[in-house]
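Undergrad:
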Amino acid sequence: MGANGGAAVHRAPDPQQLPLRRTPAQRAHLFDLAHAASPVARPPRRRSSKSYVPHQSLQWALDAITAGPAFVRNGRMDLQAVNSLMRAFYKDCYDMPGQPPNIARFTFLDERAHEFYPDWDAFAEVTVSILRTEAGRDPHNKELHDLIGELGTRSEEFRRRWGAHNVRHHGTGFKTFNHPIVGEMTLAFEGLEMAAEPGLTLTIYTAEPGSPSAERMQLLASWAASEYGNAVQPASERTRTDG
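If you count the sequence shown from 1, you need to add 29 to reach the numbering used here.
1) Taking the beta carbon of Met115 as the centre, do at least 16 other beta carbons fall within 10 Å, making it buried, or is it exposed?
2) Using the beta-carbon count (16 or more within 10 Å), is Ala66 buried or exposed?
3) By the 10 Å Cβ neighbour count, where 16 or more other Cβ atoms means buried, how is Ile210 classified, buried or exposed?
4) Kindly list the residues whose CB is nearer than 8 angstroms to the CB of Glu186, restricted to its own chain and excluding five residues on each side of it in sequence; keep chain order.
5) Determine whether the beta carbon atoms of Asn131 and Gly228 lie at a separation below 8 angstroms.
6) May I ask which residues mark the beginning and end of the beta strand (DSSP E) holding Ala99?
7) At the level of alpha carbons, what is the spacing between Asp124 and Ala193?
8) Look at the alpha carbon of Met106 and the alpha carbon of Thr235, and state the distance between them as a whole number of angstroms.
9) Could you check what DSSP says for Val157 in three-state terms: helix, strand or coil?
10) Which residue or residues does DSSP assign as beta-bridge partners of Tyr234?
11) Please list, in chain order, all residues of the same chain as His58 whose beta carbon is under 7 angstroms from its beta carbon, the five residues on each side excluded.
12) To the nearest angstrom, how far is it from the Cα of Met246 to the Cα of Tyr81?
13) Please state whether the Cβ-Cβ distance between Asp139 and Asp121 is less than 8 angstroms.
14) Taking Ala110 as the reference, which of Ser158, Pro83, His174 and Ala96 has the closest Cα?
15) Which class does His169 belong to by DSSP, given the choice of helix, strand or coil?
16) Return the chain-ordered ranges of every beta strand (DSSP E) run that is complete within the segment 84-126 and spans a minimum of 3 residues.
17) For Glu213, does the three-state DSSP call read helix, strand or coil?
18) Give the secondary structure of Ser255 by DSSP, where H, G and I count as helix, E and B as strand, and everything else as coil.
19) On the three-state DSSP scale, how would you describe Gly178?
20) Using the three-state DSSP reduction, which class does His194 fall into: helix, strand or coil?
21) Drop a sphere of 10 angstroms on the beta-carbon of His169, count the other beta-carbons inside from all chains shown, and report buried for 16 or more, exposed for fewer.
22) What distance in whole Å lies between the Cβ atoms of Ala142 and Leu160, which are believed to be in contact at a cut-off of 8 angstroms?
23) Can you tell me which of Pro147, Leu108, Tyr146 and Trp191 puts its alpha carbon nearest to the alpha carbon of Gln128?
24) Apply the 10 Å Cβ neighbour rule to Gly212 and answer buried if 16 or more other Cβ atoms are within range, or exposed otherwise.
25) Using only the alpha-carbon positions, how far apart do Asp150 and Ala90 sit?
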């Protein structure tokens, strides 16, 4: 109750008056929350993840990356566009029912994720942080709320982590994977926000040249070519082959 006996009024936080000892991701998240609470704020332009079709030039750019997996995801971690190696790299994610393939759903609802991610706890924390950041940026996104509801209903691990309210930016670093075909690989990654497509992120994984991980990536590329054939060749290669 307020001091005058009425109900207390809850206002969105003023980011300028919040403590300064916060990470850039936390400060951005608080700005997003304050903006979303503003009565004059415009909701971000949304696209349905199920109907999104990448521009042809974007797919060409992805296909041109042949040394490692490259993909475009949205804030709820749907895989929106991928290159050949990404399709082979995340093969188990593509085996799950429901489209488009979703990294968050794979992480929490597929037991194979515990083998694919040797440090599963770290991947789980990052996944939840990305989803919470997106929830602050786009709080009225029904598809995002549906995904969070599904994960919260089906995964106790997700529920526990979601309650921690962690947010983070996830732009660069190293990750280790245990691929079911070629084994363990440690890869560098770079995540780039797409200026032409707000809300989408382009991520590229690469192995250190000459390393065992680079050799295993080459083996994965060979396996993908034999397993999928033309379906995983770059578009330019398919054109020359078919012509």
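From the three backbone atoms N, C-alpha and C, an ideal C-beta is built for every residue, glycine too.
TA: Inspection of the coordinates gives the following:
1) When all chains shown are included, Met115 counts as buried.
2) Low local confidence applies: a pLDDT of 41 at Ala66 is under 50, so the model's placement there is unreliable, with the coordinate-based value given in what follows. Exposed, because fewer than 16 other Cβ atoms sit within 10 Å of the Cβ of Ala66.
3) exposed
4) Phe137 and Ala153
5) no
6) Ala99 to Arg102
7) Going from the Cα of Asp124 to the Cα of Ala193 covers about 30 angstroms.
8) 20 angstroms
9) If DSSP states are grouped into helix, strand and coil, Val157 belongs with the helices.
10) Paired residues: Phe218.
11) The predicted model places His58 with a pLDDT of 35, which falls under 50 and marks its position as unreliable; any figure quoted below should be read in that light. Correct list, in chain order: Thr162, Gly165 and Val196.
12) Each residue's Cα considered, the two are about 29 angstroms apart.
13) yes
14) Pro83
15) coil
16) You should have 99-102 and 108-111.
17) Secondary structure of Glu213 (DSSP, three-state): strand.
18) helix
19) Secondary structure at Gly178: helix, using DSSP grouped into helix, strand and coil.
20) Three-state result, His194: coil.
21) exposed
22) Actually they do not touch by this definition, with Cβ atoms about 15 angstroms apart.
23) For Gln128, the closest alpha carbon among the candidates Pro147, Leu108, Tyr146 and Trp191 is that of Leu108.
24) By the Cβ-count criterion, Gly212 is exposed, with fewer than 16 other Cβ atoms from all chains shown falling within 10 Å of its own Cβ.
25) 32 angstroms
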